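Read in order, the letters of the sequence shown are residues 42 to 453 in my numbering. Glycine included, C-beta positions come from ideal geometry on N, C-alpha and C. Fair warning: this is a prediction, and the values are worked out from it, not measured in the lab. See below for the structure under consideration.
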Amino acid sequence: MKYLIIGNSIAGVSAARIIRRHDKDGDITIVTKEAYPFYSKCLLPYYLRNEVGFDETILADENFYKEKNIYLIKGRTVTKVLTDKNKLLLDNNQEILYDKLLIAAGASPIQIGNGPNIFSLRSFDDVERIKEAAARLKKAVVVGAGPMGMKVAYGLKGRLGCNVIVLEAGKQVFTRILSKRAAFILSKHLINKGIEIKTNSRFISYDGKHVKIDGASHIEADFVVMAIGVKPNIGFLNSSGITTNTGVIVDSYMRTNIDNIYAAGDAAEAFDPVTKRYTINATWPSAVLEGETAGCNMAGIETQIKGNVSSNSIQFFGLSFVSAGLLESDDQQIEEEIIDEDIPKNLFKRLVFLDNKLVGFEFLGDVQNAGIYLDILKEQKDISQFKNRLSYLDFDYGKVLKFAGTEERFFL
Ligand SMILES: Cc1cc2nc3c(=O)[nH]c(=O)nc-3n(C[C@H](O)[C@H](O)[C@H](O)COP(=O)(O)OP(=O)(O)OC[C@H]3O[C@@H](n4cnc5c(N)ncnc54)[C@H](O)[C@@H]3O)c2cc1C
């Protein structure tokens, strides 16, 4: 069996590992357009900040591929997939045949405008470019106050003398992953750490010296980093017959509309059981789960994905937050919310319910039990019995576990 994987990052490597576990003899080839071995993209902001070195970001060196008998093609871009011939083309016109194909090509930053001093952060090469700019230039503007923008700001703030302004077109930071209240608490914390945040400030253009903001105001900037979102790398699938929307559409087996072709990670658009929408869960844990599920199915172990819900877990300047599921209170689907908070201590906990099921939560400050809440969310079970207790800041779910399966006793 010839397995071919496009993408040498977390989705592709997770799939390859699982395939090798179940098929000791099959040929596994991974193609990547990057020149590096498998590294952690999550650590790039810390590499930008000089908190970690290059070697610490490497997750699999040459030995890994040797041990697992995986053939890695580095520095080559896939340009076309010919599904009727079970083969793909590389940018050097090389053809590779496959029996089973995984599309794990990830995503690329969305960029508005370009010029010598406009950057984005997705790869090692991007970090090197930004580092080089930040060594010469001091006034940085980051466009977008989502997780990526704030991570870039965090990375830049650690560089000597770098002044960082974050622009956000919307009314709050972390629009899609935090409620207004939680975003307010986190913004306060970031501002205290020296990051300037301008909300309601839509980026229009950059002329090399000034950023123009909607409403005709300008701010001085030596360089700009774009962090307004990502788009899946699926251009090479044009005219392949593979169904795409924003990403590659997959079923619960991570299979595309073509039987022997699968997709996983930031390139895949899968059904989210909580939001009940097709979504790209562009996070590391989701790419692991999707890659492993695809790998199992490619190796002939029929496996449906379970618990693939959107979640985010981040720490900025010592303040952590975890959020998952549905959060917007103006979303019609949200029936009930419970909030507990201690603002002076930067503690905030919000739970969102629908039909007595937990459909979303956000924790700021103390995130210790977040994993357990994530499990409750994934299970989608009726929790009316202990719903109210779940919301207390000091609620200890461990006690529930201690009385294993006897939740009633817990409430006696
Ligand atoms: C700076 C940064 C910080 C992040 N922090 C976090 C975090 O804290 N927590 C979290 O959960 N997530 C985080 N993420 C998101 C997380 O890294 C992604 O969700 C994850 O990397 C997606 O994995 P993937 O394998 O689908 O794609 P990617 O990691 O994007 O990898 C795609 C692979 O495909 C290859 N490729 C693409 N196109 C082609 C082609 N045409 N031909 C050949 N090869 C190709 C690339 O070379 C690469 O090997 C962060 C991302 C970035 C960039």
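Query	Result
Using only CA atoms, which one of L278, A146 and G336 lies nearest to S293?	G336
Could you give the distance in angstroms between the alpha-carbon of P150 and the alpha-carbon of D300?	30 Å
Helix, strand or coil for P150, going by three-state DSSP, please let me know.	strand
Are K253 and S246 closer than 8 Å when you measure CB to CB?	yes
Taking Y112 as part of the beta strand (DSSP E), name the residues at either end of that continuous run.	I111 to I114
Contact check, H63 vs I355 under 8 Å by CB: the rounded distance?	At roughly 34 Å, the Cβ-Cβ gap does not stay under 8 Å, so H63 and I355 are not in contact.
Any chance you could list the beta strand (DSSP E) runs of at least 3 consecutive residues sitting entirely within the stretch 169-223, in chain order?	180-184 and 204-208
Can the beta-carbon of I99 be found less than 8 Å from the beta-carbon of Y112?	no
Under the rule that 16 or more other beta-carbon atoms within 10 Å means buried, what is L453, buried or exposed?	With a pLDDT of 28 at L453, under the threshold of 50, the modelled position of this residue cannot be trusted, and the question is left open.
Tell me, which residues are paired with I355 by DSSP?	F362
From E261 to Y88, what does the alpha carbon distance come to, in whole angstroms?	26 Å
To the nearest angstrom, how far is it from the Cα of E448 to the Cα of L395?	Low per-residue confidence applies at E448: pLDDT is 42, beneath 50, and the placement is therefore not dependable, though the value from the model is reported in the following sentence. Taking the straight line joining both Cα atoms gives about 21 Å.
How far does the beta strand (DSSP E) with S246 in it reach, from first residue to last?	F244 to Y247
Would L162 and M189 qualify as a contact pair, given that the criterion is a beta-carbon distance under 8 Å?	yes
Return yes when the Cβ of R61 is within less than 8 Å of the Cβ of G458, no when it is not.	Outside the displayed span of the chain (42 to 453) sits residue 458, for which this structure offers no information.
Using the Cβ count rule (16 or more neighbours within 10 Å means buried), how would you classify C83?	exposed
Assign L405 to buried or exposed, taking buried as 16 or more other Cβ atoms, counted over all protein chains shown, within 10 Å of its Cβ.	buried
If you draw a straight line from the alpha carbon of C203 to that of E173, how long is it in whole angstroms?	12 Å
For G306, is the beta carbon positioned less than 7 Å from some heavy atom of ligand 1?	yes
For N134, verify whether its CB is less than 7 Å away from any heavy atom of ligand 1.	no
Which of the three DSSP states, helix, strand or coil, is assigned to A311?	strand
Indicate, with yes or no, if ligand 1 has a heavy atom lying under 7 Å from the CB of P78.	no
Measuring CA to CA, which of G147, A146, K121 and Q152 is closest to I137?	K121
Excluding sequence positions up to five away, which residues of its chain have a Cβ less than 6 Å from the Cβ of G446?	Caution applies to G446, whose pLDDT of 44 falls short of 50 and renders its modelled position unreliable; the model cannot decide the point.
Residues in the same chain with beta-carbon distance under 7 Å from S327, minus the five sequence neighbours each way, listed in chain order, please.	N349
Among the residues of its own chain, which have a CB less than 7 Å from the CB of N274, if the five just before and after it don't count?	A146, G147, A148, S149 and A308
Closer than 7 Å to a non-hydrogen atom of ligand 1 - does that hold for the CB of S50?	yes
According to the neighbour-count rule (16 or more other Cβ atoms, all chains shown, within 10 Å of its Cβ), is I59 buried or exposed?	buried
I need the straight-line Cα distance from V119 to G53, nearest angstrom please.	14 Å
For T240, which of helix, strand or coil comes out of DSSP?	coil
Could I get the ranges of all uninterrupted beta strand (DSSP E) runs contained in the stretch 244-312, with 3 residues as the minimum, in chain order?	244-247, 251-254, 258-261, 264-267, 271-273 and 302-304
Below 7 Å, is the gap between the Cβ of R170 and the nearest heavy atom of ligand 1?	no
Assign K229 to one of three DSSP states: helix, strand, or coil.	helix
Assuming L415 is part of the alpha helix (DSSP H), what are its boundary residues?	A411 to E420
Going by DSSP in three states, K398 sits in which element: helix, strand or coil?	strand
In whole angstroms, what separates the C-alpha of G249 from that of D263?	7 Å
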